[in-house]
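Asker: Just so you know, UniProt numbering puts the end of the sequence shown at 501, numbered straight through with nothing missing.
C-beta: ideal position from N, C-alpha, C; glycine also.
All values derive from a computational prediction rather than experimental measurement.
The structure follows.
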Amino acid sequence: MFPLILIAIVTVLIFYRYRKPKHFPPGPPRIPLIGSAPFLTKYPTLYLRVNGLIEEYGKICGFYLGSRSIVILSDLEMIKKVYKTEEASQRPKNAAGSLRFGKPDGSDVKGILFSSGPAWREQRRFALKNLKDFGFGKSSMEEMIQHEALKLCTHLHKTSGQPTQLDSYLNISIVNALWKILVGEELDVENPRHLETINIINKLVRSSGGVNHPLAQIFPPLIKMFPKFFLKDVTDVIKTVRGITTPLLDQHKQSFDQHHLRDFADVHIQAQLDAQPGSSFHGEQGAQNLEINLLDLMIAGSETTSTTITWGILYLLHHPDIQERLHEELDSVVGRDRIPTLQDEAKLPYMSATLHEIQRSSSIVHIGVPHRTDVDIELDSFVIPAGSTIFANIMQVMHNPEVFQDPLIFNPSRFLDESGKFQPNPNVIPFLVGKRICLGSSLAEKELFLFFSLLLQTFSFHPVPGEKLPSYSTKSTVYTSNSIIRFCPHYSLIVKPRNQP
């Protein structure tokens with residue numbers, strides 16, 4: 001009799017320990033120890049998992065992986081309300097953070113992208129100010145971007161009439177303007193080592209490493225117990241990138257002159273020399289933050305804009321009528337005797353509408369980098385518990401049929417009013433919203449316009465005869481199982497200079 005009573009008591013205690021908190025958002029059931037994991041296996045990819053949950057439970061849903069509570073928001077107003085708060089501006093702890101000079105439990109991560117708290121605020125504030133001083137928002141930045149775009153066009157001229165791919169060359173061209181500001185040097189599109197570096201960084205973004213393995217999500221201590229299995233991909237990439245950044249920073253320190261600050265790395269080194277104890281710039285912590293900042297900015301600066309342009313060209317291959325209209329607008333406003341400038345942007349409404357539609361339709365960051373809340377957050381009739389990981393379902397916001405008619409159709413004209421003027425929509429949020437809005441959004445917008453407009457002014461793009469173009473449909477596109485990035489399918493194309501028949 002006593003064993004049965006004991007079992008009953010233990011069962012009740014486990015039930016109360018692992019039941020969902022009161023007013024927790026709707027979602028799949030929670031099982032002791034493993035959470036909701038068994039109910040997520042019917043969705044084979046992250047994208048399908050997120051959207052399947054939203055279809056089943058609504059614009060806010062919650063579930064558990066092990067003991068961790070996860071909440072997904074798919075409504076713009078909800079996202080804005082939560083992400084504007086200081087309490088929900090943290091990043092979740094992850095054992096992979098130890099690779100960013102963090103502690104074994106994933107706390108005290110260095111850099112900007114995945115750090116939290118006062119150190120994140122100090123590093124972000126510093127980066128925003130000094131990146132502006134060294135080019136963001138200045139005419140010199142525009143000239144750097146134009147220089148890289150012209151170099152890309154020179155390379156594409158060499159492939160004229162032959163099947164080619166844009167991916168690697170576009171990545172390295174996009175990142176170069178930022179790289180000059182960061183370390184005063186240039187990655188060479190013809191240098192195999194530099195191309196390999198960009199490709200390896202892209203592998204990091206495309207792969208989950210092992211940190212998003214289901215077992216690691218349910219039992220995070222496994223990452224610490226078996227780091228070679230769960231962290232190998234991430235470790236290899238960071239090691240390769242540091243093989244470039246470490247010598248560069250060593251050279252900067254040796255040639256450093258406080259009276260002649262050359263780039264972002266120099267001003268960061270100066271901040272380290274001036275820092276007081278307790279600052280994220282002080283001592284070894286400052287040097288580590290600089291190194292990880294370079295990695296974060298290089299990842300963010302290369303992948304997102306180049307992926308957007310790669311999607312954009314694919315849309316034009318499917319819609320030659322849109323490409324022709326862009327050519328006509330560019331010829332009418334800019335002509336062919338000079339290259340497009342940022343001053344031309346306001347005079348090119350169809351170009352602006354097309355870029356806006358590319359960002360909306362591609363939704364390359366289909367679910368935002370996760371946030372963590374330090375306190376309970378009341379949201380409508382729900383409560384998001386302290387410690388929860390929060391995701392913003394960006395793709396759902398930008399494909400909401402209540403906002404966008406026929407959201408799966410690529411249609412730039414949806415952003416033109418009756419007089420043909422460009423009308424942006426606040427539901428297009430490729431850089432998210434709130435306190436952690438993308439640091440490089442202003443640079444990305446400039447690069448997107450200057451690269452895309454020059455490419456369309458210079459070339460026409462055509463499918464390879466006999467090759468079927470990949471579909472751009474959200475239902476047919478292949479998604480990597482754990483990446484938050486929606487990558488464009490690989491495709492080849494024919495590039496033809498427009499000054500040739």
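1. Per DSSP, what are the beta-bridge partners of R68 in this structure?
2. Can you tell me which of the three DSSP states L248 falls into?
3. For P497 and S460, I'd like the C-alpha separation in whole angstroms.
4. Pick from Q165, E357, Q258, I494: whose alpha carbon is nearest that of L416?
5. Count the other CB atoms within 10 Å of the CB of G209; is the residue buried (16 or more) or exposed (fewer)?
6. So which of N51, F114, E143, K42 has the shortest CA-CA distance to I299?
7. Considering only C-alpha positions, which residue in the set Q323, A346, V464, Q359 is nearest to T458?
8. Count Cβ pairs between the region 309-326 and the region 114-133 that sit closer than 8 Å; are there 3 or more?
9. Could you pull out every residue in the same chain whose Cβ sits closer than 7 Å to the Cβ of V82, ignoring the five residues on either side in sequence?
10. So for H366, helix, strand or coil by DSSP?
11. Would you call the region 394-409 and the region 425-434 touching, i.e. three or more CB-CB distances under 8 Å?
12. Pull the bridge partners of G35 from the DSSP assignment, please.
13. Would you list the one or two residues that DSSP bridges to K421?
14. Jot down the residue ranges of each uninterrupted beta strand (DSSP E) in the region 444-480, minimum 3 residues, whole runs only, in chain order.
15. From this set, E185, V241, P163, C488, which residue's C-alpha is nearest Q359's C-alpha?
16. Quick check on K42: buried or exposed, where buried means 16 or more other Cβ atoms within 10 Å of its Cβ?
17. Taking 8 Å as the limit between beta carbons, can you name the residues of its chain near A271, skipping five residues before and five after?
18. In this structure, how does DSSP classify I485 when only helix, strand and coil are distinguished?
19. Helix or strand or just coil, what does DSSP make of L215?
20. Consult DSSP for R360 and reduce its assignment to one of helix, strand or coil.
21. Exposed or buried, what is E148 when buried is set at 16 or more other beta-carbons lying within 10 Å of its beta-carbon?
22. Please name the residue, chosen from F134, M141, Y64, that lies closest to L450 on a Cα-to-Cα basis.
23. Under a Cβ-count criterion, where at least 16 other Cβ atoms within 10 Å of its own Cβ denotes burial, should A346 be classed as buried or exposed?
24. Please state whether the Cβ-Cβ distance between T305 and A444 is less than 7 Å.
25. Mind checking G111: buried by the 16 CB within 10 Å criterion, or exposed?
26. Which residues in the same chain have their Cβ closer than 6 Å to the Cβ of E122, if we skip the five residues on either side of it in sequence?
27. CB-CB under 7 Å to Q396, same chain, minus the five flanking residues each way: which ones, in chain order?
28. What residues match up with T164 in a beta bridge as DSSP calls it?
29. My output table needs one value for E378: the three-state DSSP class, helix, strand or coil.
30. What residue does the alpha helix (DSSP H) around F264 start on, and which one ends it?
31. Is the beta carbon of F422 closer than 7 Å to that of Y315?
32. Identify, in the order they occur along the chain, each residue of the same chain with its Cβ nearer than 7 Å to the Cβ of L182, setting aside the five sequence neighbours on each side.
33. Assign A127 to one of three DSSP states: helix, strand, or coil.
34. Provide the residue(s) that pair with A392 in DSSP beta bridges, ordered along the chain.
35. For I364 and H268, I'd like the C-alpha separation in whole angstroms.
36. Among residues of its own chain, excluding the 5 on either side of G434, which ones have a beta-carbon nearer than 6 Å to its beta-carbon?
Answerer: In this structure, then:
1. The sequence position of residue 68 within the sequence shown is 68, counting from 1. In DSSP, R68 forms a bridge with L65.
2. Indexing the sequence shown from 1 puts residue 248 at position 248. If DSSP states are grouped into helix, strand and coil, L248 belongs with the helices.
3. In the sequence shown, residue 497 corresponds to position 497, counting from 1. In the sequence shown, residue 460 corresponds to position 460, counting from 1. If you take the alpha carbons of P497 and S460, they lie about 6 Å apart.
4. As a working mapping, residue 416 is identified with position 416 in the sequence shown. Comparing alpha-carbon positions, the option among Q165, E357, Q258, I494 lying closest to L416 turns out to be E357.
5. In the sequence shown, the residue the question calls residue 209 occupies position 209. Since pLDDT at G209 reaches only 46, below the 50 mark, its modelled position is unreliable, and no value is offered.
6. Working through the sequence shown from its first residue, we reach residue 299 at position 299. Nearest C-alpha to I299: F114.
7. Within the sequence shown, residue 458 is the residue found at index 458, counting from 1. Looking at the Cα atoms, Q323 is the closest of the given residues.
8. no
9. Here residue 82 refers to the residue found at position 82 of the sequence shown. If the five residues before and after V82 are omitted, its C-beta is found closer than 7 Å to the C-beta atoms of L73, A88, I377, L379, I390, all from its own chain and listed in chain order.
10. Working through the sequence shown from its first residue, we reach residue 366 at position 366. Here H366 sits in coil by DSSP.
11. yes
12. Looking up residue 35 in the sequence shown gives position 35. Answer by DSSP bridge pairing, in chain order: I31, L65.
13. On the sequence shown, position 421 is the one that residue 421 refers to. In the DSSP output, where bridge partners are listed per residue, K421 has none listed.
14. 459-463
15. As a first step, residue 359 is located in the sequence shown; it is residue number 359 there, counting from the start. For the residues E185, V241, P163, C488, the minimum Cα distance to Q359 belongs to C488.
16. Here residue 42 corresponds to residue number 42 of the sequence shown, with the count starting at 1. Exposed, by the Cβ-count rule.
17. Here residue 271 is taken as the residue at index 271 of the sequence shown, counted from 1. So the qualifying residues of the chain are F126, F281, G286.
18. Residue mapping note: residue 485 aligns to position 485 of the sequence shown, counting from 1. In the structure shown, I485 sits in a strand (DSSP, three-state: E or B).
19. Residue 215 sits at position 215 when you count from the first residue of the sequence shown. Below a pLDDT of 50, predicted positions are generally treated as unreliable, and L215, at 48, falls in that range; the measurement from the model is reported next regardless. The answer is helix: DSSP assigns L215 an H, G or I state.
20. Along the sequence shown, read from residue 1 onward, the residue named residue 360 stands at position 360. Helix at R360.
21. The sequence position of residue 148 within the sequence shown is 148, counting from 1. Its Cβ being crowded by 16 or more others within 10 Å, E148 is buried.
22. Residue numbering aside, residue 450 sits at position 450 when the sequence shown is read from its first letter. Answer by Cα proximity: M141.
23. Counted from its first residue, the sequence shown places residue 346 at position 346. By the neighbour-count rule (16 or more Cβ atoms within 10 Å), A346 is not buried but exposed.
24. Here residue 305 refers to the residue found at position 305 when the sequence shown is read from its first residue. Here residue 444 refers to the residue found at position 444 when the sequence shown is read from its first residue. In contact: T305 and A444 (Cβ atoms closer than 7 Å).
25. In the sequence shown, the residue the question calls residue 111 occupies position 111. G111 comes out buried.
26. As a position in the sequence shown, residue 122 is number 122, starting the count at 1. Around E122: S280.
27. As a working note, residue 396 is residue 396 in the sequence shown. Around Q396: N51, I54, S74.
28. For the purposes of this step, residue 164 is identified with residue 164 of the sequence shown, where counting begins at 1. Its beta-bridge partners are L493.
29. The count along the sequence shown starts at 1 and reaches residue 378 at position 378. Correct three-state label for E378: strand.
30. By 1-based counting over the sequence shown, the position of residue 264 is 264. DSSP places F264 inside the alpha helix (DSSP H), whose first and last residues are 264-274.
31. Within the sequence shown, the letter at position 315 stands for residue 315. Within the sequence shown, the letter at position 422 stands for residue 422. Contact: no.
32. For this step, residue 182 is matched to residue 182 along the sequence shown. Cβ contact annotation for L182 (same chain, cutoff 7 Å, sequence separation greater than five): D263, F264, A265, L294, L297, in chain order.
33. Taking the first residue of the sequence shown as 1, we reach residue 127 at position 127. Under the three-state reduction of DSSP, A127 is assigned to helix.
34. For the purposes of this step, residue 392 is taken as residue 392 along the sequence shown, with counting starting at 1. L73, per the DSSP bridge assignment.
35. As a working mapping, residue 364 is identified with position 364 in the sequence shown. As a working mapping, residue 268 is identified with position 268 in the sequence shown. Approximately 31 Å between the Cα atoms of the pair.
36. For this step, residue 434 is matched to residue 434 along the sequence shown. Y83, K84, listed in sequence order.
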